Each structure stands twice: as structure tokens, then as C-alpha cells.
Amino acid sequence: MLGEFRHWLQATEQNVLPKSPVGQALQYVLPRWDELVRYCENGALSIDNDLSERSVRPVAIGRKNHLFTGSDNGGKAATVLYNIMASAKANQVERFAYVRDLLIQLSRNSPPAVAALLPNTWLAAHPESRRCWSR
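Numbering-wise (the UniProt record's numbering), the sequence shown opens with residue 1 and increments by one.
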């Protein structure tokens, strides 16, 4: 089916003006043909980058607020916290429970290895903290 569609696209490209809306659409899709085929072969792939766009949105929105972190060290600490929260969210971890336990573990005299504190590893040890909502 995709082969027939590609043949139609290539045949149609010869009969339309490049600046016309159809011509522009053809100039868009034909160079991206391999990506389209890959998307059609794997239903798990997302057709857009909305997930990554949404993950950087809070940073873009808060850009002016981040000017007031107090110092370079404050900015670095905020970056670490953003990364921790984003990783927890990406791994569907309930963030409050994760950060609470993370702070408790890190305050101990001998905290566990860093690998044990990563969100995916932590979630395996705390399955009750898996988020079941999307926000």
C-alpha cells in the first residue's frame, strides 16, 4: 500500500507546480519517505514530538523567573531539581513520594549507590508509587 502511495506521489509531482500547495506537500513528504515508512512499520512511534515539547515547556515558561535563583550555585541546584523531577515524571513515578524518599536516603550517613536512587530503579522497589495519571 505504501509503495502504491509513493508511486502516486512521484507521478503527481511531475504534474503539479512546485509552488502550489500540492507541490509543496509533495516536496515535504518525499524527502521524508524513509521516516514515514519507519513510522508506519512501528506503531509505538509517535508521529510528532509533543512529548519532548511538553517536557521543556516549564523551562521556557519559567525562563524569566530563573533569573532570580540568587547565584550560580542556586541556578545549578535548580537545574538538578528540574532534572530529578523530569526524570521521575518520565518514569511515571509519583514525584512527591520519590523526592521525599530521595532526601531521606541522601541525608543518611551512608546513602545507597546512585543507581539505587534513579527513578526507574527506585520505582521497582516502590511499585505503590507508580503514577497512574498523565500530568
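Built from N, CA and C at the ideal position, the CB exists for glycine as well.
Model, not experiment: these values are computed from the prediction.
N-terminal and C-terminal residue of the alpha helix (DSSP H) that residue i is part of
i	result
ASP50	50-61
MET85	72-90
LEU26	21-29
Simplified DSSP state of residue i, which is helix, strand or coil
i	result
VAL16	coil
ARG108	coil
ARG130	strand
Backbone CA spacing between residue i and residue j [nearest angstrom]
i	j	result
VAL93	LEU123	7 Å
SER110	LEU117	13 Å
ASP90	ILE84	Note that residue 90 corresponds to Ala in the displayed sequence, not to Asp. Roughly 10 Å between the two C-alpha positions.
LEU2	HIS126	45 Å
LEU9	VAL37	14 Å
PHE5	HIS66	49 Å
Residue environment, residue i, which counts as buried when at least 16 other CB atoms sit within 10 Å
i	result
PRO119	buried
ALA60	exposed
TYR28	exposed
SER20	exposed
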